[in-house]
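K.L.:
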Amino acid sequence: MQSDTDSDAPDEIPSGGYRLGLAETVAEGVHRMAREEVDGALARLRDPRYDANEALHDARTRLRKVRALLRLAQDAIGIEVFETEDAAYKQALKLLDPARESYVAVRTVESLRGDFTEVLRPSAFVDLQARLEERHHRILRHTLREGVVPEAIIQLETARGRIDGWPLELADDRVLERGLRRAYERGYASMARAYEPEGGLAGRAFRLWRREARYLWFHYRVIAGAWPPVFEAMADEQLRLSHELGVGKDLGDLIRIVRDADDLADSQWPLLALTGLARERRKYLWQGLRSLGTRLYADTPDAFRDRMRRILQAARGS
1 MQSDTDSDAP
11 DEIPSGGYRL
21 GLAETVAEGV
31 HRMAREEVDG
41 ALARLRDPRY
51 DANEALHDAR
61 TRLRKVRALL
71 RLAQDAIGIE
81 VFETEDAAYK
91 QALKLLDPAR
101 ESYVAVRTVE
111 SLRGDFTEVL
121 RPSAFVDLQA
131 RLEERHHRIL
141 RHTLREGVVP
151 EAIIQLETAR
161 GRIDGWPLEL
171 ADDRVLERGL
181 RRAYERGYAS
191 MARAYEPEGG
201 LAGRAFRLWR
211 REARYLWFHY
221 RVIAGAWPPV
231 FEAMADEQLR
241 LSHELGVGKD
251 LGDLIRIVRD
261 ADDLADSQWP
271 LLALTGLARE
281 RRKYLWQGLR
291 SLGTRLYADT
301 PDAFRDRMRR
311 ILQAARGS
């Protein structure tokens with residue numbers, strides 16, 4: 001099942017990569033990575049080439065990587081600048097959300113049909129999927145042709161011009177340590193809420209956990225140069241968790257779309273059947289993620305921070 005997590009498409013613009021170089025200062029690296037990701041997003045939005053869905057997905061992923069950089073360096077940037085810049089990229093993402101969400105809804109129905117082939121007729125949900133596809137094409141045309149993408153480009157060009165002014169003079173490895181701890185702690189707490197005995201397995205808790213798991217994945221990628229074999233493996237497992245939590249989010253989005261739409265089926269029965277399957281699939285997925293989450297969040301937040309400190313000091317010097 002597809003999740004809106006990351007793109008395998010190659011970068012359109014040559015770059016130093018989403019990784020802090022051992023010889024770079026934190027300020028140099030954060031400024032460089034932010035410029036590269038915004039430039040890459042703008043390139044995809046200005047010229048989506050042959051696959052607009054993939055172009056929008058890649059642009060969105062790059063903007064999330066910028067938001068992750070802001071969070072990682074938040075203590076140096078300061079709360080006012082952080083909130084202004086984060087809001088700018090969040091708004092650009094919001095403009096692109098409907099087209100991506102509608103595309104993922106189509107793919108999610110397709111995946112559900114594949115997951116339940118043993119209990120579904122081959123024709124099950126075919127008409128509903130076709131109507132979701134028509135809905136997606138309408139939203140995609142609106143996004144590409146009616147000013148949505150141009151507005152996002154204008155917003156990003158303006159934000160791009162402010163990157164070099166981000167106040168990172170105080171950025172150092174201790175800032176990275178605190179940013180890593182913050183993302184880890186939030187994921188640690190979100191997982192606990194998601195599986196708490198009373199009220200557990202609730203969609204909102206898992207959405208929050210997914211968001212923080214994805215930010216931590218991006219953070220691991222940024223610092224991977226400090227110990228590539230270890231951090232690349234950690235990033236791979238964090239990506240696995242983020243992807244699976246993203247599948248759960250996609251199922252929840254599909255449930256909401258089906259609930260709110262009034263033109264996807266001629267009767268309520270296929271809609272009720274689809275939402276029932278989606279809920280069961282999501283519940284099964286969530287229950288299966290507990291052991292992976294427990295391994296990835298095995299340390300206390302303070303122990304995690306101290307471990308990150310020792311690794312960064314060994315790799316980059318004190």
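Using UniProt numbering, read the sequence shown as starting at 1 and increasing by one per residue.
Here a beta-carbon is modelled for each residue, glycine too, at the ideal position from N, C-alpha and C.
1) Please name the residue, chosen from R259, Q74, R305, R295, that lies closest to L132 on a Cα-to-Cα basis.
2) Quick check on R316: does DSSP put it in helix, strand or coil?
3) Quick check on D47: buried or exposed, where buried means 16 or more other Cβ atoms within 10 Å of its Cβ?
4) Decide if Q268 is buried, meaning its Cβ has at least 16 other Cβ atoms within 10 Å, or exposed.
5) Assuming Y18 is part of the alpha helix (DSSP H), what are its boundary residues?
6) P10 to P197, Cα distance in whole Å?
7) Assuming L96 contacts T143 (C-beta within less than 8 Å), just tell me the rounded distance between them.
8) Where does P150 fall in DSSP's three states?
9) Quick one: give me the first and last residue of the alpha helix (DSSP H) that T108 is part of.
10) Tell me which same chain residues have a C-beta within less than 8 Å of the C-beta of I13, skipping the five on either side of it?
11) Tell me the DSSP secondary structure of W286 in three-state form.
P.N.:
To lay it out plainly:
1) R259
2) helix
3) exposed
4) exposed
5) Taken as a continuous stretch (DSSP letters only), Y18 belongs to no alpha helix (DSSP H), as it is neither H nor E.
6) In this prediction, P10 scores a pLDDT of 37, lower than 50, which makes its location untrustworthy; no coordinate-derived value is stated.
7) 7 Å
8) P150: helix per DSSP, three-state reduction.
9) 79-115
10) Summary for I13: the model assigns pLDDT 37, below 50, so the residue's position carries little reliability; its value from the coordinates is reported in the next sentence. E36, D39, G40, A43, listed in sequence order.
11) helix
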